[in-house]
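Below is one structure; the comments refer to it alone.
Numbering (my numbering), first residue to last: 1 to 392.
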């Protein structure tokens with residue numbers, strides 16, 4: 001048997017076909033032809049209840065030793081008769097448009113630095129500081145208003161900490177860089193889980209403190225930020241920021257974590273470049289998804305048409321079988337009527353029920369002849385069959 005071609009598209013196989021193939025070629029080599037792993041092929045065989053050679057089978061066979069070939073068991077309820085084997089997609093090559101976008105964006109933001117103070121923050125980040133002060137005033141006023149309510153505990157909002165303000169300054173630099181590179185800021189909550197709009201695609205990012213487990217008391221782990229409720233309880237600041245793209249890009253989520261030697265400001269061109277490169281990547285993904293949906297609809301239409309034609313074909317075959325049964329029944333009835341006519345000759349044309357015996361015989365002959373599928377000739381019979389439809 002000639003080698004199977006390496007399939008780039010899904011291949012439709014039956015249990016019988018798969019059974020034949022797995023006993024002709026080692027699983028790993030056969031799996032390569034399907035574009036999947038040997039383990040993946042074994043799982044498909046298990047799902048379809050198709051036995052395959054055990055470990056050591058091919059070595060024994062090559063050495064001329066006796067081997068046992070397991071029979072294909074009858075298909076049980078719930079076991080599929082056919083399946084589609086989809087090849088594993090190779091790791092995508094870097095998208096040229098994405099690489100160009102990253103390079104251009106990185107060049108545009110080389111001169112941008114993390115601001116040293118709070119005077120030149122991005123407007124979106126300045127709004128966070130304004131909002132914090134507003135919340136502080138509101139809580140102070142509430143505390144004064146309810147100071148005589150002994151059961152009420154004041155909810156004081158602390159000042160922004162050094163770590164809060166550092167994250168704000170870093171976020172400001174990233175916002176400025178993304179806008180300078182041509183992106184837009186779609187959502188900018190104070191929590192740092194922001195959304196950019198890049199080439200009409202939403203790119204979600206996280207600009208947050210890297211947290212670590214701590215042996216400190218719960219209250220101690222909450223002092224590094226004015227908003228401890230924005231973070232997982234029981235974790236403490238590591239002293240470093242983590243910037244990540246949480247939108248999947250080619251199956252990955254790029255992230256950058258500060259260290260003693262490298263700060264986010266040092267990685268700013270790379271970060272902004274990667275964010276901007278997300279636009280072409282997501283656009284390509286959108287086109288691929290649209291193409292996949294188009295092919296899926298075509299495949300569904302093909303399968304529906306195949307089912308429809310098979311249903312019609314089965315109904316036409318049933319019609320032919322019905323004609324054959326009628327033909328056999330007609331022959332038996334003609335023999336019976338011949339005997340009936342002989343006896344009627346002796347008995348005379350007596351009245352039976354509401355009709356004469358001759359009338360009954362004429363009625364029977366008419367009904368018997370109606371069973372003849374060839375009364376209109378062979379073409380007439382197949383013309384009747386051809387008119388059988390899906391809804392007949």
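Beta carbons: idealized from backbone N, C-alpha and C, even for Gly.
If you're wondering where the values come from, they're calculated on a predicted model, not measured in any experiment.
Check residue i in the structure and name its three-state DSSP category.
i           : result
residue 70  : coil
residue 40  : helix
residue 5   : Reliability fails at residue 5, whose pLDDT of 47 lies under 50, so the model's placement of it is uncertain and no value is given.
residue 186 : strand
residue 238 : strand
residue 12  : strand
residue 134 : helix
residue 391 : coil
residue 214 : coil
residue 84  : strand
residue 165 : helix
residue 230 : helix
residue 125 : helix
residue 275 : helix
residue 259 : coil
residue 340 : helix
residue 202 : strand
residue 149 : coil
residue 270 : helix
Quick one: measure Cβ to Cβ for residue i and residue j, integer angstroms, because I've assumed they're closer than 8 Å.
i           : j           : result
residue 232 : residue 211 : 6 Å
residue 50  : residue 15  : 6 Å
residue 109 : residue 177 : 4 Å
residue 254 : residue 97  : With 8 Å as the limit, residue 254 and residue 97 do not qualify as a contact, their Cβ atoms being about 17 Å apart.
residue 276 : residue 182 : 7 Å
residue 336 : residue 349 : Not really, about 19 Å apart at Cβ, beyond 8 Å.
residue 385 : residue 316 : 5 Å
Rounded to whole angstroms, what is the Cα-Cα separation between residue i and residue j?
i           : j           : result
residue 2   : residue 193 : Only weak support exists for where residue 2 lies, its pLDDT of 41 falling under 50; the coordinates are left without a value.
residue 339 : residue 382 : 32 Å
residue 43  : residue 378 : 52 Å
residue 238 : residue 209 : 7 Å
residue 88  : residue 269 : 34 Å
residue 190 : residue 10  : 46 Å
residue 304 : residue 311 : 10 Å
residue 34  : residue 257 : 40 Å
residue 119 : residue 274 : 28 Å
residue 133 : residue 234 : 26 Å
residue 286 : residue 201 : 10 Å
residue 393 : residue 131 : There is no way to answer for residue 393, as the model of the chain reaches only from 1 to 392.
residue 225 : residue 161 : 5 Å
residue 5   : residue 248 : Caution applies to residue 5, whose pLDDT of 47 falls short of 50 and renders its modelled position unreliable; the value that the coordinates give is listed next. Roughly 33 Å separates the two Cα atoms.
residue 188 : residue 195 : 7 Å
residue 367 : residue 292 : 58 Å
residue 328 : residue 308 : 30 Å
residue 78  : residue 47  : 10 Å
residue 123 : residue 148 : 39 Å
residue 362 : residue 353 : 15 Å
residue 73  : residue 326 : 38 Å
residue 259 : residue 240 : 7 Å
residue 330 : residue 323 : 10 Å
residue 346 : residue 369 : 25 Å
residue 223 : residue 173 : 25 Å
residue 143 : residue 230 : 22 Å
residue 251 : residue 36  : 18 Å
residue 184 : residue 82  : 49 Å
residue 282 : residue 295 : 20 Å
residue 374 : residue 71  : 46 Å
Relative to the alpha-carbon of residue i, which residue among the options has its alpha-carbon at the smallest distance?
i           : options               : result
residue 22  : 390, 45, 300 and 374  : 45
residue 390 : 365, 343, 245 and 314 : 314
residue 205 : 228, 222, 171 and 227 : 171
residue 242 : 166, 59, 375 and 53   : 166
residue 265 : 175, 250 and 84       : 175
residue 139 : 126, 127 and 156      : 156
residue 344 : 360, 95, 84 and 141   : 360
residue 388 : 342, 364, 127 and 320 : 320
residue 158 : 169, 135, 147 and 195 : 135
residue 58  : 26, 355, 17 and 356   : 26
residue 121 : 168, 80, 100 and 227  : 168
residue 104 : 261, 28 and 272       : 272
residue 24  : 13, 36, 53 and 37     : 53
residue 17  : 38, 85, 297 and 299   : 85
residue 55  : 28, 128, 330 and 32   : 28
residue 341 : 355, 364 and 284      : 364
residue 180 : 230, 107 and 126      : 107
residue 244 : 299, 203, 282 and 126 : 203
residue 371 : 101, 334 and 355      : 334
Practice task
Spell out a yes or no on whether the segment 110-117 and the segment 56-72 are touching, meaning 3 or more CB-CB pairs, one atom from each, closer than 8 Å.
Solution key: no
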